[in-house]
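> First the structure, which I've put down as structure tokens, then a few questions once you've had a look.
Number of protein chains: 2
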Amino acid sequence: MISIAEARQHVLDHCRCLPSSPVALTEALDRVLAVDVVADRDIPAMTKALMDGFAVRVEAMDRFPEQLQVLGQVAAGQLPSHDVGVGQAVRIMTGAMMPRGANAVVPVEQTSGVGWADESMVRVTIEATSVQAGQHTMKQAAIAARGEVLVEAKTRLRPAAIAVLAEVGCAQPRVFARPRVAVIPTGDEVVAVDQSPPPGKLRNSNGPMLLTQARQAGGEAAELGIGPDERESLRAIISRGLQRDVLLLSGGVSAGALDLVPEVLSELGVAPIFHQVNIRPGKPLWFGVRETGDQRTLVFGLPGNPVSSFVCFDRFVRPALRALSGETTTSDCPEQLELLNSAPSQVGGRDAFWPANRIVPDDGVPVVEILDWRGSADLCTLSRANGLAFFPAGEPLREPGDRVEFYSML
Amino acid sequence: MISIAEARQHVLDHCRCLPSSPVALTEALDRVLAVDVVADRDIPAMTKALMDGFAVRVEAMDRFPEQLQVLGQVAAGQLPSHDVGVGQAVRIMTGAMMPRGANAVVPVEQTSGVGWADESMVRVTIEATSVQAGQHTMKQAAIAARGEVLVEAKTRLRPAAIAVLAEVGCAQPRVFARPRVAVIPTGDEVVAVDQSPPPGKLRNSNGPMLLTQARQAGGEAAELGIGPDERESLRAIISRGLQRDVLLLSGGVSAGALDLVPEVLSELGVAPIFHQVNIRPGKPLWFGVRETGDQRTLVFGLPGNPVSSFVCFDRFVRPALRALSGETTTSDCPEQLELLNSAPSQVGGRDAFWPANRIVPDDGVPVVEILDWRGSADLCTLSRANGLAFFPAGEPLREPGDRVEFYSML
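The listed protein sequences correspond, in order, to chains A and B. Counting in this note's numbering, the first sequence runs from 15 upward without gaps. Counting in this note's numbering, the second sequence runs from 15 upward without gaps.
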């Protein structure tokens with residue numbers, strides 16, 4: 015049985031990022047950029063005003079209040095029509111290009127004279143007690159110079175990065191494809207969500223769960239139906255799943271006589287990489303890869319118990335989806351947070367994850383509350399958790415105030 | 015000028031949650047549930063096995079190893095065909111219903127005899143040294159009893175909650191509508207992203223930014239085009255925006271002569287609620303509401319500088335979208351984290367937000383790095399931040415090791 019770290023490394027070793035293509039900028043949210051994006055011009059492209067006021071030439075301004083001749087005005091988007099010399103000023107709006115000769119802006123609040131809206135104003139009185147060269151202006155290229163890399167390849171695009179792309183005219187950024195994910199829950203005991211399960215059977219909760227986990231992780235996911243405990247039909251549905259980049263099966267990988275999944279996968283040319291990981295819940299996890307020509311499918315045989323399946327997705331499938339979609343930072347650093355209550359006594363022999371809540375109290379220092387979880391069938395408690403606490407095998411029990419590793423879930 | 019808290023309260027006072035309707039469960043990710051979801055049966059519905067092995071009756075098992083008569087087998091989804099008495103056992107699979115009379119499962123690893131797959135097996139030897147009543151079983155209703163509320167109304171649905179809904183047959187959960195958001199950047203200095211801006215003009219970065227911020231916050235957002243600095247055309251485009259639940263304008267709310275937005279909004283029946291907030295960046299923020307019959311539109315006049323617009327969205331618009339979509343927890347608790355470097359000296363007169371990175375070092379205790387940000391036009395630095403640090407007005411400068419309020423951004 016391999017460790018969590020070994021299993022994760024095996025998975026990542028088989029991930030190579032998918033091809034890239036251009037998308038409309040407004041559809042690029044949460045996609046991963048495939049190329050560096052550079053500034054197509056200086057930012058700002060010209061020295062500009064940061065406030066509404068008067069563009070002036072600081073040199074020879076030493077007596078205050080000082081009266082200046084107003085030559086005209088310039089708004090954002092306009093070209094200045096006058097140069098500014100000693101004793102002169104141009105009315106200027108926030109974001110407008112500084113006129114030649116001007117090197118500072120005096121905010122309108124520090125001036126008096128004719129009202130702002132009066133086109134006939136010809137003189138303004140500067141009420142400030144001093145004016146510094148460069149004040150309330152931003153120099154050309156102060157933020158970035160033309161040619162500078164602004165957003166690096168392999169960045170997942172959030173709204174601020176999308177705004178940067180817009181600023182430099184990148185209307186169709188090239189992004190990596192989203193991994194196509196197939197979800198197949200298996201087992202004759204599983205009935206559809208809209209059915210009433212007869213005694214002994216239960217509804218398909220793993221399908222919708224894995225589907226939405228895959229979408230949350232950036233995958234383009236589809237549920238192909240429930241795989242039966244019958245070899246030929248199971249083989250048919252699994253064959254369809256193997257057309258995608260990632261196939262998620264749940265159930266059928268324990269040691270029981272009806273656990274057909276590994277056999278059928280082997281018949282279909284999926285090479286097993288590992289089976290069983292030292293993780294609780296999630297020990298039966300199976301992982302394999304099928305290569306055919308230029309297509310590679312990663313196959314995860316997840317345990318049938320829903321929380322086991324959830325945890326295996328979170329720890330192994332999500333990093334794979336992120337790597338396939340081009341992201342480089344697939345390692346997640348857990349936080350070390352103080353426990354609010356005692357660790358569960360059930361943890362012990364295996365490295366264990368436990369549903370928990372990260373709480374930010376009034377003092378702003380986050381703590382972890384371990385939830386009263388009833389084991390790998392208990393989805394209800396999991397649904398109230400915002401993360402997983404981690405208890406390494408063989409370590410002494412933790413008490414309130416001890417630190418614990420915590421992995422956030424969104 | 016009002017405070018950040020007052021402005022936020024004004025905004026939330028005008029939010030009432032939108033109507034609800036059913037959606038397909040697999041489309042319910044990140045939607046907000048409008049009704050409590052209850053267990054339609056006990057979970058589990060019957061006492062069941064948690065491991066593959068043998069269902070036995072503990073009473074009178076006191077000599078080990080003990081040989082038992084095997085009556086048959088039961089898999090998950092099947093009904094047991096035998097009751098179990100003293101000296102008897104039934105082969106059982108994980109998740110299967112316990113036969114009547116049996117009250118414990120002996121894992122297959124603790125037994126010997128005929129191989130697991132052998133249908134003719136009639137006797138099994140229990141190699142364990144003790145068997146506890148109830149072991150490796152889960153009692154009927156151990157997780158939840160029929161009628162119990164499992165997921166409360168106003169919960170945003172994550173994958174684990176979706177799995178709970180699936181488990182109880184909620185195939186079409188009732189969820190609140192997503193707020194319809196219109197985005198209109200304004201100003202003649204703004205050109206489309208795919209154009210090359212002439213001197214003095216710049217590309218529309220606020221539009222794609224606000225659009226994707228609104229989508230990230232759960233809104234159904236559309237950009238209606240760039241609003242010109244000409245009253246009639248501006249009025250026409252703003253009229254269209256007022257058909258939606260939320261209208262986001264950017265630019266045109268400063269004090270300059272060309273700032274037409276508040277006037278046009280007033281003409282169109284939008285009642286102003288506040289203008290200017292003690293926040294940096296973002297002071298010019300304008301907020302108003304239009305009520306017509308049963309339609310209410312919240313109107314945000316965001317500053318034209320992109321980072322000001324971004325911060326105002328994050329602090330005021332996002333909570334509004336969450337409240338409209340039915341979520342109750344619209345307050346976000348900042349963390350108090352240690353500063354890695356010195357606070358910027360520029361903060362002072364107003365409550366200030368500053369782009370920053372929350373970093374989790376190897377010791378697992380997160381710290382905050384203040385970024386070298388060039389002000390409200392500097393999107394590049396913002397795009398490298400994963401949150402905002404907060405510096406209240408008038409407080410002494412912070413040094414490395416001091417704590418600072420940090421607001422995470424995704």
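Built from N, CA and C at the ideal position, the CB exists for glycine as well. For clarity, every value in this text was computed on a predicted model and none was experimentally measured.
(1) Using a Cβ-Cβ distance cut-off of 7 Å, determine whether Met75 (chain B) contacts chain A.
(2) Any beta-carbon of chain B closer than 7 Å to the one on Val379 (chain A)?
(3) Comparing the C-beta of Arg274 (chain A) with each C-beta of chain B, is any distance below 7 Å?
(4) If you follow the beta strand (DSSP E) that Ser35 (chain B) is part of, which residue opens it and which one closes it?
(5) What residues are listed by DSSP as bridge partners for Glu383 (chain B)?
(6) What do you get for Leu85 (chain A), buried or exposed, if any count of 16 or more other CB atoms within 10 angstroms of its CB means buried?
(7) Along the stretch 385 to 401 of chain A, what residues have a CB closer than 9 Å to any CB found in chain B?
(8) Around the Cβ of Lys372 (chain A), are there at least 16 other Cβ atoms within 10 angstroms (buried) or fewer (exposed)?
(9) Kindly list, in the order they appear in chain A, the residues whose Cβ is closer than 8 Å to that of Ala334 (chain B).
(10) Any beta carbon of chain A sitting closer than 7 Å to that of Gly99 (chain B)?
(11) Going along chain B in order, which residues have a C-beta closer than 9 Å to the C-beta of Leu248 (chain A)?
(12) Since Leu164 (chain B) and Asp259 (chain B) are thought to touch, with beta carbons under 8 Å apart, how far apart are those beta carbons, to the nearest angstrom?
(13) Listing by chain order, which chain A residues have their CB less than 9 Å from the CB of Met60 (chain B)?
(14) The beta strand (DSSP E) spanning Gln309 (chain B) covers which residue range?
(15) Does Ala366 (chain A) get closer than 7 Å to chain E when you measure Cβ to Cβ?
(16) For Gly340 (chain B) versus Lys153 (chain B), is the C-beta distance shorter than 7 Å?
(17) Which stretch, first to last residue, makes up the beta strand (DSSP E) that contains Arg304 (chain B)?
(18) What residues from the stretch 169 to 202 of chain B come within 9 Å of chain A, judged by C-beta to C-beta, listed N to C?
(19) Output yes if chain A places a C-beta closer than 7 Å to the C-beta of Ala21 (chain B); else output no.
(20) Given Cys326 (chain B), which residues of its chain have a CB within under 6 Å of its CB, disregarding the five upstream and five downstream residues?
(21) Work out the CA separation of Val374 (chain A) and Pro380 (chain A) for me, nearest whole Å.
(22) Please report the residue range of the alpha helix (DSSP H) in which Pro213 (chain A) lies.
(23) State buried or exposed for Phe78 (chain A), treating a residue as buried only when at least 16 other CB atoms are found within 10 Å of its CB.
(24) Using a 10 Å radius around the Cβ and a threshold of 16 neighbouring Cβ atoms, would you call Ala147 (chain A) buried or exposed?
(25) When the Cβ atoms of the stretch 33 to 45 of chain B are set against those of the stretch 170 to 181 of chain B, are three or more pairs found closer than 8 Å?
(26) Rounded to a whole number of angstroms, what is the C-alpha to C-alpha distance between Gly255 (chain B) and Arg304 (chain B)?
(27) Skipping 5 residues on each side, what residues in its chain have a beta carbon closer than 8 Å to that of Glu281 (chain B)?
(28) In the stretch 76 to 159 of chain A, which residue ranges form an unbroken beta strand (DSSP E) of at least 3 residues, counting only runs that do not cross its ends?
(29) At the level of alpha carbons, what is the spacing between Gln81 (chain A) and Thr125 (chain A)?
(30) For Pro193 (chain B), count neighbouring C-beta atoms within 10 Å of its own C-beta (all shown protein chains included) and say buried if the count is 16 or more, exposed if not.
(31) Would you say the stretch 230 to 238 of chain A touches the stretch 191 to 205 of chain A, given that touching needs at least three Cβ pairs under 8 Å?
(32) Could you check whether the Cβ of Pro222 (chain B) sits closer than 7 Å to any Cβ belonging to chain A?
(33) Run down chain B in chain order and give the residues with a C-beta less than 7 Å from the C-beta of Leu354 (chain A).
(34) Indicate the three-state DSSP secondary structure (helix, strand or coil) for Leu238 (chain A) in the structure shown.
(35) Quick one, which residues of the stretch 146 to 160 of chain B are near chain A if we go by CB-CB under 8 Å, in chain order?
(36) Could you name the residues of the same chain whose beta carbon sits closer than 8 Å to that of Ala158 (chain B), not counting the 5 residues immediately before and after it, in chain order?
If we stick to the structure as given:
(1) no
(2) yes
(3) One detail in the question is off: residue 274 (chain A) reads as Leu in this sequence, not Arg. Judged by the 7 Å Cβ criterion, Leu274 (chain A) is not in contact with chain B.
(4) 34 to 36
(5) B:Asn371
(6) buried
(7) Arg388, Gly389, Ser390, Ala391, Asp392, Leu393, Cys394, Thr395, Leu396, Ser397, Arg398, Ala399, Asn400
(8) Here residue 372 (chain A) turns out to be Arg, not Lys, going by the sequence shown. Arg372 (chain A) should be labelled buried.
(9) Correct list: empty, because the minimum Cβ distance to chain A is about 16 Å.
(10) no
(11) Going along chain B, no residue has its Cβ under 9 Å from Leu248 (chain A), so there is no contact; the nearest lies around 15 Å.
(12) With a Cβ gap of about 30 Å, Leu164 (chain B) and Asp259 (chain B) do not count as contacting.
(13) Pro213, Gly214
(14) 309 to 316
(15) The displayed structure is made up of protein chains A and B, and chain E is not among them.
(16) no
(17) 300 to 306
(18) Thr169, Leu171, Arg172, Pro173, Ala174, Ala175, Ile176, Ala177, Val178, Leu179, Ala180, Glu181, Val182, Gly183, Cys184, Ala185, Gln186, Gly201, Asp202
(19) no
(20) Gly296, Leu299, Leu316
(21) 4 Å
(22) Careful: Pro213 (chain A) lies outside any alpha helix (DSSP H) and carries neither H nor E.
(23) exposed
(24) exposed
(25) yes
(26) 11 Å
(27) Arg249
(28) 80 to 88, 102 to 106, 118 to 121, 125 to 127, 137 to 140
(29) 10 Å
(30) buried
(31) yes
(32) yes
(33) Simply none; closest approach about 15 Å.
(34) coil
(35) Met152, Ala156, Ile157, Ala158
(36) Ala53, Asp56, Ile57, Leu164
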